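Asks: Position 52 (the sequence shown) corresponds to 85 in this note's numbering; numbering is contiguous. Take this structure first; my questions come after.
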Amino acid sequence: MSLQKVALILGSGPNVGRHISRAFAAKGYKVALASRSFKKEDNETGLTHFQADLSDPESVPQLFAKVQQDLGAPSVVVYNGQYKGIGTQFSGAYTLPDAQDPFSIHLNNFVKDLNVNTTSVFVAIKEALASFAKLPASASKTFIFTGNAMNTDLIVLPLTGAGAGKAASAHLIHAASVAFYYADERKEDGTPVYREISGEAHATHYLKLTEDEEQGPWQQTFVRGQGYKSF
Numbered sequence: 034m035s036l037q038k039v040a041l042i043l044g045s046g047p048n049v050g051r052h053i054s055r056a057f058a059a060k061g062y063k064v065a066l067a068s069r070s071f072k073k074e075d076n077e078t079g080l081t082h083f084q085a086d087l088s089d090p091e092s093v094p095q096l097f098a099k100v101q102q103d104l105g106a107p108s109v110v111v112y113n114g115q116y117k118g119i120g121t122q123f124s125g126a127y128t129l130p131d132a133q134d135p136f137s138i139h140l141n142n143f144v145k146d147l148n149v150n151t152t153s154v155f156v157a158i159k160e161a162l163a164s165f166a167k168l169p170a171s172a173s174k175t176f177i178f179t180g181n182a183m184n185t186d187l188i189v190l191p192l193t194g195a196g197a198g199k200a201a202s203a204h205l206i207h208a209a210s211v212a213f214y215y216a217d218e219r220k221e222d223g224t225p226v227y228r229e230i231s232g233e234a235h236a237t238h239y240l241k242l243t244e245d246e247e248q249g250p251w252q253q254t255f256v257r258g259q260g261y262k263s264f
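The following block contains the structure:
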């Protein structure tokens, strides 16, 4: 009897999160969607909602335990966490500082953003590794962090806190020893997509990373319709 495949999506946003969850469900995965609140759009066959607040890192181990109890050990973990922001087209948590002073963010907001962008990522990596250790060698054992260009470039917008978190999480992914990826969608010329994020392109590329037998570059810069492209 084949092992039931389980994918855990932390952060079920209306763009990337929703496209990813539907793509994995279509491939036969049981999909665990983790977010602060349930959305009626996520009430679909193959999707199970779990309550989680990624601004509280201590809630992450409880989430993994609940998913394992209800669905089984995840073989794919996608971290797509969000806290707040300008709109739904930007992945990650961020508080806007004064445009003239990138360090004007209040400490409490910086800590909350960092919890979503990095601290909970660190805990999720630890929990994912523990989950992967319980799975057979044939399992995918893939962890993907939805990133952007801020780990290598300064974005025009004043996103000090978000940039610090993305850069720190990129280091964590780089340090991982299994199929861990930092995914960063770009335009064809290598510039950031900013708010023109394609949830469909993320879903397609994430599935490919999960199904590839060989480990690819940890930093996955990819272009819609083309896949991985090094810049």
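All residues carry an ideal CB built from backbone N, CA and C; glycine is no exception. Please read these numbers as outputs of a predicted model, since none were measured by experiment.
Using only alpha-carbon positions, find the residue among T179, G114, A197 that is nearest to L5.
Replies: Because the chain in this structure spans residues 34 to 264, residue 5 falls outside the shown range and cannot be described.
Asks: Go to R51, then tell me how far its alpha helix (DSSP H) extends in each direction, as first and last residue.
Replies: Unbroken alpha helix (DSSP H) run through R51: 49 to 59.
Asks: With distances taken from CA atoms, which of V111, K145, A170 is nearest L36?
Replies: Residue A170 is the option with its Cα nearest to L36.
Asks: Pull up the distance between the alpha-carbon of T81 and that of E246, whole angstroms please.
Replies: Straight-line Cα distance between these residues: approximately 27 Å.
Asks: In the DSSP assignment, find the unbroken alpha helix (DSSP H) run with T243 in it and report its ends.
Replies: Here the alpha helix (DSSP H) through T243 covers 232 to 244.
Asks: Along the beta strand (DSSP E) that carries S164, what are the first and last residues, could you check?
Replies: Counting along the chain, S164 falls outside any beta strand (DSSP E), though it belongs to the alpha helix (DSSP H) covering 153 to 165.
Asks: Quick one: Cα of Q95 to Cα of G79, how far?
Replies: Taking the straight line from one Cα to the other gives about 21 Å.
Asks: Taking just the CA atoms, how far does L41 sit from K99?
Replies: Rounded to the nearest angstrom, the two C-alpha atoms are 11 Å apart.
Asks: I'd like to check one pair, V39 with L87: are the Cβ atoms closer than 7 Å?
Replies: Cβ atoms of L87 and V39: not closer than 7 Å.
Asks: Measuring CA to CA, which of D89, V109, P250 is closest to V144?
Replies: V144 has its Cα closest to that of D89, out of D89, V109, P250.
Asks: Less than 7 Å separating the beta-carbons of V111 and I206?
Replies: Cβ distance not < 7 Å, so V111 and I206 don't count as in contact.
Asks: Does the Cβ-Cβ distance between G260 and V49 come in under 7 Å?
Replies: Contact: no.
Asks: Could you check if G114 is buried or exposed, using at least 16 other CB atoms within 10 Å of its CB as the buried criterion?
Replies: Buried, since its Cβ has 16 or more Cβ neighbours within 10 Å.
Asks: Quick test of your reading: A59 and L43, contact by CB under 8 Å. State the CB separation rounded to the nearest angstrom.
Replies: A59 to L43, Cβ: 20 Å. No contact.
Asks: Among residues of its own chain, excluding the 5 on either side of F213, which ones have a beta-carbon nearer than 6 Å to its beta-carbon?
Replies: F176, I206.
Asks: Looking only at its own chain, which residues have a Cβ that is under 7 Å from the Cβ of H52, when we skip the five neighbours before and after it?
Replies: These residues qualify, in order along the chain: G232, E233, H235, A236.
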